[in-house]
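Just so it is clear: in the sequence shown, position 294 is 294 by UniProt numbering, and no numbers are missing. Have a look at the structure below, then the notes.
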Amino acid sequence: MVAHGAFINGTAVPLSQLRELGQLLIQIHGQHAHQQLTKPEQQKSLLDSYANEAALAQQMAARYQLWHQSCRDLAHHQQQSQERAARAELLQYQLKELNDFNPQAGEFEQIDEEYKRLANSGQLLTTSQNALALLADGEDVNLQSQLYSAKQLVSELVGMDSKLSGILDMLEEATIQLTEASDELRHYCERLDLDPNRLFELEQRIAKQISLARKHHVSPEALPQLYQSLLEEQQQLDDQADSLETLTLAVNKHHQQALETAQALHQQRQFYAQELGQLITESMHLLSMPHGLFTIDVKFDEHHLSNDGADRVEFKVTTNPGQPLQPIAKVASGGELSRIALAIQVITARKMETPALIFDEVDVGISGPTAAVVGKLLRQLGESTQVMCVTHLPQVAGCGHQHFFVSKETDGAMTETHMQPLDKRARLQELARLLGGSEVTRNTLANAKELLAA
């Protein structure tokens with residue numbers, strides 16, 4: 001990263017992307033790790049880091065989220081149940097009347113037209129009969145007889161002037177049209193319904209549809225569409241009522257699946273807890289706690305189910321003979337906590353796939369022979385992965401394969417940090433300075449050589 005940007009392999013990237021990549025490439029162990037060691041969530045995290053069962057942990061998180069979401073869906077459904085019940089009751093009331101009436105699409109327009117025809121059937125019949133008399137059925141004069149007479153006269157004239165043949169043809173066609181119109185009108189008069197009972201039924205049906213439409217604030221023509229809409233809503237409410245059982249089954253199913261995964265995670269944690277406890281106990285012996293005993297309790301509590309399982313993890317320790325195992329926060333001193341935390345960090349780091357590990361003054365509170373053991377542990381870890389250690393202890397620094405000198409400079413306004421690689425001679429000088437303070441003597445140089453040769 002430079003002053004105004006972040007780069008990966010020479011390509012500019014957002015700072016967030018660089019930070020995300022950094023978390024995959026570098027694991028930092030800080031000097032205050034022992035302060036976090038007494039927290040239950042940190043204890044579980046350390047155990048999981050050692051177990052390194054990412055696939056099972058991801059499955060646990062996914063199944064917990066499914067269960068949690070199904071619980072929220074069920075709760076939301078239950079919260080709305082009262083509102084749905086009130087709406088269903090209103091729909092039942094509205095649909096009772098509409099179900100009895102059963103309005104159909106296009107029916108109102110159809111019966112309205114039929115009603116108008118029946119309501120005016122007397123006038124329709126009288127006028128149609130008058131028209132039919134004029135066309136063909138009149139005893140004295142009608143168009144059909146007059147047209148026939150005209151056609152006969154023109155027919156006689158065609159023999160005198162052939163130009164009239166076209167007119168004769170038109171009169172012939174008019175005769176045909178007039179005959180067909182007369183027949184249709186006659187049939188219309190014969191079929192015209194004068195049923196007063198049917199008229200009454202239509203009046204009642206139309207009046208009821210207008211009344212219902214007014215009640216529901218729609219036009220009579222739109223009442224069937226409203227009716228279908230209310231029926232669909234009622235069906236949806238019925239389906240939602242059925243979905244209560246479906247949602248409840250989903251909650252139970254996802255809860256059971258989450259518990260099964262939590263049980264599997266619990267078994268793995270128990271296995272790795274025993275293994276890690278034994279390794280930490282052995283490291284405590286190396287770190288000047290010869291009577292130390294470290295155990296990890298993993299208790300399953302299904303009421304404590306979360307996205308990382310249902311376990312309560314507790315670190316327990318004893319450092320003195322005859323002392324019972326107790327929670328680490330109650331027994332261990334600050335120095336003991338520092339050493340135990342360091343042991344845990346070194347052990348868990350061996351299981352991690354992170355390419356680079358940084359230990360930032362994790363040896364705080366440690367000195368003498370214990371510091372030498374810490375240095376050897378870190379050096380052993382460096383055989384399998386890249387390890388960087390920031391330290392002020394010569395016993396730890398002497399175990400490194402390569403050394404850098406870290407210094408700070410300030411002009412009063414800004415502070416800069418510098419890292420300078422050290423060659424063999426400079427490394428010896430700095431190690432001697434750590435041993436003897438600002439003045440480097442033959443004795444401190446000799447001691448520094450011994451540390452580097454160890």
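Heads up, the beta-carbon is just placed ideally off N, CA and C, and yes, glycines get one too.
Under the three-state DSSP convention, the category residue i falls into
i, result
"MET284", "helix"
"PRO224", "helix"
"GLY398", "coil"
"PRO327", "strand"
"LYS299", "strand"
"MET1", "Because the pLDDT of MET1 is 41, which lies under 50, any placement of that residue in the model is unreliable, and the question is left without a value."
"ALA413", "coil"
"GLY159", "coil"
"GLN42", "helix"
"GLY22", "helix"
"SER219", "coil"
"THR385", "coil"
"HIS291", "coil"
"GLN263", "helix"
"GLN104", "coil"
"PRO196", "helix"
"HIS255", "helix"
"VAL141", "coil"
"HIS403", "coil"
"VAL154", "helix"
"HIS304", "helix"
"VAL364", "coil"
Whole-Å CB distance - residue i paired with residue j, under 8 angstroms assumed
i, j, result
"MET414", "PHE404", "Not a contact, Cβ separation roughly 22 angstroms."
"LEU435", "PRO394", "5 angstroms"
"residue 481", "ALA349", "This structure cannot speak to residue 481, because the chain is shown only from 1 to 454."
"VAL317", "LEU293", "7 angstroms"
"LEU230", "GLN94", "6 angstroms"
"residue 512", "PHE300", "Absent from the model: residue 512. The displayed extent of the chain is 1 to 454, so no value can be given."
"VAL251", "SER70", "5 angstroms"
"GLN144", "LEU135", "6 angstroms"
"GLU97", "LEU212", "7 angstroms"
"ASN269", "VAL298", "With the sequence shown as reference, residue 269 is identified as Arg, and Asn is not the correct amino acid for it. Going by Cβ atoms, the distance from ARG269 to VAL298 rounds to 5 angstroms, so yes, they are a contact pair."
"LEU223", "HIS216", "7 angstroms"
"ALA432", "THR417", "Not confirmed; about 23 angstroms, so no contact."
For residue j and residue i, the rounded distance between their alpha carbons
i, j, result
"LEU147", "ARG191", "28 angstroms"
"residue 510", "GLN92", "The requested residue 510 is not part of the displayed model; the chain covers only 1 to 454."
"ALA341", "ASN447", "29 angstroms"
"ALA6", "ALA12", "6 angstroms"
"ARG84", "SER243", "13 angstroms"
"GLU203", "GLY106", "17 angstroms"
"PRO220", "GLN177", "41 angstroms"
"LEU276", "CYS399", "25 angstroms"
"SER288", "TYR50", "23 angstroms"
"ALA397", "VAL362", "12 angstroms"
"LEU25", "GLY412", "35 angstroms"
"GLN278", "THR295", "7 angstroms"
"ASN9", "HIS401", "27 angstroms"
"PRO290", "GLN323", "13 angstroms"
"SER407", "ARG425", "18 angstroms"
"ILE206", "ALA86", "31 angstroms"
"SER384", "ALA453", "21 angstroms"
"GLN257", "ASP311", "16 angstroms"
"GLU109", "ARG117", "13 angstroms"
Limits of the unbroken alpha helix (DSSP H) element including residue i
i, result
"CYS189", "165-191"
"VAL373", "368-382"
"GLN450", "Reading off the sequence, residue 450 comes out as Glu, not Gln. Per DSSP, GLU450 belongs to the alpha helix (DSSP H) from 442-453."
"LEU66", "54-79"
"LEU357", "Per DSSP, LEU357 belongs to no alpha helix (DSSP H); it is in the beta strand (DSSP E), 356-360."
"GLN429", "424-436"
Residue interval of the beta strand (DSSP E) (run including residue i)
i, result
"ALA6", "6-8"
"VAL313", "311-318"
"THR11", "11-13"
Within-7 angstroms CB hit, residue i to chain C
i, result
"SER306", "Going by chain labels, chain C is absent from the structure shown, which holds only one protein chain."
At least three beta-carbon pairs within less than 8 angstroms, the stretch 347-365 to the stretch 381-401: yes
Cβ contact check for the stretch 67-80 and the stretch 246-253: 3 or more pairs under 8 angstroms: Three or more beta-carbon pairs separated by less than 8 angstroms link the stretch 67-80 to the stretch 246-253, which places the two stretches in contact.
At least 3 beta-carbon pairs within less than 8 angstroms: the stretch 54-74 vs the stretch 259-268: They touch, by the three-pair rule.
At least three beta-carbon pairs within less than 8 angstroms, the stretch 298-315 to the stretch 33-50: Yes: the two stretches touch, three or more of their Cβ pairs being nearer than 8 angstroms.
Three or more C-beta pairs below 8 angstroms linking the stretch 167-174 and the stretch 135-154: yes
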